[in-house]
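**Student:**
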Amino acid sequence: MPDTRQQDGGERPDIRLVAFDDEHEAPFVAMLADPDVTRFTPLPWPVPPGYAKTWRQRYDAHRPARENFAIEDCADGRFLGIAVAPHVDREARTAELGYAVVPEARGRGVAVEALRQLTEWALGLGMRRVFLLISVDNTASKTVARRAGYRFEGVLRQTYSRPGVWEDTESWSYVAPDPVPAPRGGLVR
Ligand SMILES: CC(C)(COP(=O)(O)OP(=O)(O)OC[C@H]1O[C@@H](n2cnc3c(N)ncnc32)[C@H](O)[C@@H]1OP(=O)(O)O)[C@@H](O)C(=O)NCCC(=O)NCCS
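Every letter in the sequence shown is one number past the one before it in our numbering, and letter 140, counting from 1, is 131.
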């Protein structure tokens, strides 16, 4: 995936993906109170006691078949959200990716940039195909996918998304070298 940071006049937010650590637990749990996170991710609300540790342990126990990153603001290290790979199949060279951004950091391109960096990370592992599963009602996430160069594949009917919830879900994928839109429109490749 080409780096457009120099080409777009600094439009991309200055963020980084880092290993999820102790300091991220409190802002992560706070983010779970957001109704869109509850609605569109399998993360629970209300948050069970000790959930951040449980969530981390599920990733730690299954690495390298899954991976979790915190999104940080490069300027001050502030927690901006999560970027995750809940399923990494190294033999099939296919990975599912996902993301969530804290409400106060939304609307300035953080999710698109995080997904680009997460996609680069996955392609760097040797993945041929990376994909996202997005509720048909999640307009913001579909826009994020499109802006990061993902292509709509189709609708999976009534997939199981979390306990008690089955819903129509869109599949979006990036297969290198799909073209990636530049932040201001047009294509960088
Ligand atoms: C989806 C989510 C990650 C977007 O984060 P974000 O940092 O605000 O996204 P960006 O700023 O990168 O926005 C990307 C695009 O989506 C658009 N967008 C953002 N929120 C939107 C909304 N509520 N409705 C419509 N479009 C929206 C932006 O305008 C932007 O489009 P543009 O580049 O054409 O202007 C965030 O809303 C979130 O965490 N939602 C809850 C968790 C979730 O849904 N995760 C994804 C599960 S599949």
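For glycine and all other residues, C-beta sits at the position ideal for the given N, C-alpha and C.
1) Thinking C-beta only, is L106 closer than 8 angstroms to V189?
2) Consult DSSP for G0 and reduce its assignment to one of helix, strand or coil.
3) Flag G41 as yes when its Cβ comes closer than 7 angstroms to any non-hydrogen atom of ligand 1, and as no otherwise.
4) What does a CB cutoff of less than 7 angstroms around V103 pick up in its chain, not counting 5 residues either side in sequence?
5) Does at least one heavy atom of ligand 1 sit under 7 angstroms from the Cβ of F31?
6) Check whether the Cβ of A90 sits closer than 7 angstroms to any heavy atom of ligand 1, and report yes or no.
7) To the nearest angstrom, how far is the alpha carbon of F31 from that of M22?
8) L71: buried (16+ other C-beta within 10 angstroms of its C-beta) or exposed?
**Tutor:** Straight from the coordinates:
1) There is no way to answer for residue 189, as the model of the chain reaches only from -8 to 180.
2) Only weak support exists for where G0 lies, its pLDDT of 43 falling under 50; the coordinates are left without a value.
3) no
4) V135, R138 and A139
5) yes
6) According to the sequence as given, residue 90 is Tyr; it is not Ala. Yes, Cβ of Y90 sits closer than 7 angstroms to a heavy atom of ligand 1.
7) 13 angstroms
8) buried
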